[in-house]
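Residue numbers (our numbering): 37 to 209. Beta carbons are placed, not taken as given, at the ideal position from N, Cα and C, and that holds for glycine. This report refers to the structure that appears directly beneath it.
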Amino acid sequence: MKKEEFVSLKKAKSPSFRVKSDLFILDKNALEFLKEKAAIHESRKARICLHKNDSDKVNEMVICTYRDAYIRPHMHMKKSESYHVIEGAFSLILFNNSGKITKVVNITKDNIIKLPSTLWHTMIVTSKYCIMHEVTDGPFDAGSTIFAEWSPSEHEDKVVITKYLKSLRNHLL
37 MKKEEFVSLK KAKSPSFRVK SDLFILDKNA LEFLKEKAAI HESRKARICL
87 HKNDSDKVNE MVICTYRDAY IRPHMHMKKS ESYHVIEGAF SLILFNNSGK
137 ITKVVNITKD NIIKLPSTLW HTMIVTSKYC IMHEVTDGPF DAGSTIFAEW
187 SPSEHEDKVV ITKYLKSLRN HLL
């Protein structure tokens, strides 16, 4: 992946890039680029946005997430999400309103999952890293994501987050 093919999105929480061209081919170089960016960032995540801007009706991203990344349980009020794994695997964990786990679904390259809106969820990467293609309804609105009060904030002490992740991993199939 050449630097000229994308622009860096400076305001994002993790390394994020947007492709410049309408035609983009996700090749080995792009996958390696994502893995490298995610590996060195404290969030252990990185993404390439395939949509032109945040106001697009459909938002598509290729995301690399490492095994030790924390994705706080959350829901989206008016947005569904679909995930297709390109490399690796993850477990999707669903919760009820009080934080009790209601379902665990293992996602690999052999399946695609579509989540409806208003469903508490998180994902736990079960391989060294996972690269996935995510599709969600646009336009992007950070305020439409509601984080579960019963889960640690991403800004919480690392010990607390590690303990919570361990408790979630104990429920994996």
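Buried versus exposed call for Leu159 [16 or more other C-beta atoms within 10 Å across all chains shown]: Looking up residue 159 in the sequence shown gives position 123. Per the sequence shown, the amino acid found at residue 159 is Met instead of Leu. With 16 or more other Cβ atoms within 10 Å, it is buried.
Problem - Residue nearest to Thr181 in terms of C-alpha spacing, selected from Ile84, Leu155 and Ile99 - result: Position 145 of the sequence shown, counted from the first residue, corresponds to residue 181. Comparing Cα positions, the closest option is Leu155.
Check your understanding: If you run the structure through DSSP and keep just helix, strand and coil, what is Tyr200?
Key -> Residue numbering aside, residue 200 sits at position 164 when the sequence shown is read from its first letter. Three-state DSSP puts Tyr200 in a helix.
Which of helix, strand or coil DSSP assigns to Ala105:
Here residue 105 refers to the residue found at position 69 of the sequence shown. Three-state DSSP puts Ala105 in coil, outside helix and strand.
inquiry  = My assumption, with CB atoms under 8 Å, is that Phe126 sits in contact with Ala184. Please give the rounded CB distance.
reply    = Working through the sequence shown from its first residue, we reach residue 126 at position 90. Working through the sequence shown from its first residue, we reach residue 184 at position 148. Incorrect: roughly 18 Å between the Cβ atoms, too far for contact.
**Prompt:** Does the beta-carbon of Ser187 have 16 or more other beta-carbons within 10 angstroms, so that it is buried, or is it exposed?
**Reply:** Within the sequence shown, numbered from 1, the residue matching residue 187 stands at position 151. Ser187 comes out buried.
Taking 7 Å as the threshold (C-beta atoms), are Ile137 and His207 in contact? Indexing the sequence shown from 1 puts residue 207 at position 171. Indexing the sequence shown from 1 puts residue 137 at position 101. In contact: His207 and Ile137 (Cβ atoms closer than 7 Å).
Where the alpha helix (DSSP H) through Asn65 begins and ends
Mapped onto the sequence shown, residue 65 falls at position 29. Element bounds for Asn65: Lys64 to Ile76.
(Q) Tell me whether the stretch 77 to 96 and the stretch 138 to 153 touch, counting them as touching only if at least three CB pairs, one residue from each stretch, are closer than 8 Å. (A) no
I'd like the span of the beta strand (DSSP E) that includes Trp156, first residue to last.
On the sequence shown, position 120 is the one that residue 156 refers to. Here the beta strand (DSSP E) through Trp156 covers Trp156 to Val161.
Please report how far the alpha carbon of Lys114 lies from the alpha carbon of Asp92, in whole angstroms.
By 1-based counting over the sequence shown, the position of residue 114 is 78. By 1-based counting over the sequence shown, the position of residue 92 is 56. The alpha-carbon atoms of Lys114 and Asp92 are separated by roughly 15 Å.
Selected residue, minimal CA-CA separation from Met111, among Leu45, Ile129, Lys73 and Lys47:
The residue labelled residue 111 in the question sits at position 75 within the sequence shown. Taking only the C-alpha atoms, the option nearest Met111 is Ile129.
| said: Let me see if you follow: with CB-CB separation under 7 Å, is Thr162 close to chain D or not? | reply: Absent here is chain D; the protein component of the structure consists of one chain.
Where DSSP assigns a beta bridge to Leu128, which residues make up the other side?
Position 92 of the sequence shown, counted from the first residue, corresponds to residue 128. Per DSSP, Val141 and Met159.
Based on Cα-Cα distance, which residue from Gly179, Tyr119 and Asn133 lies nearest to Asp146? Indexing the sequence shown from 1 puts residue 146 at position 110. If we check each option's Cα against that of Asp146, Tyr119 comes out closest.
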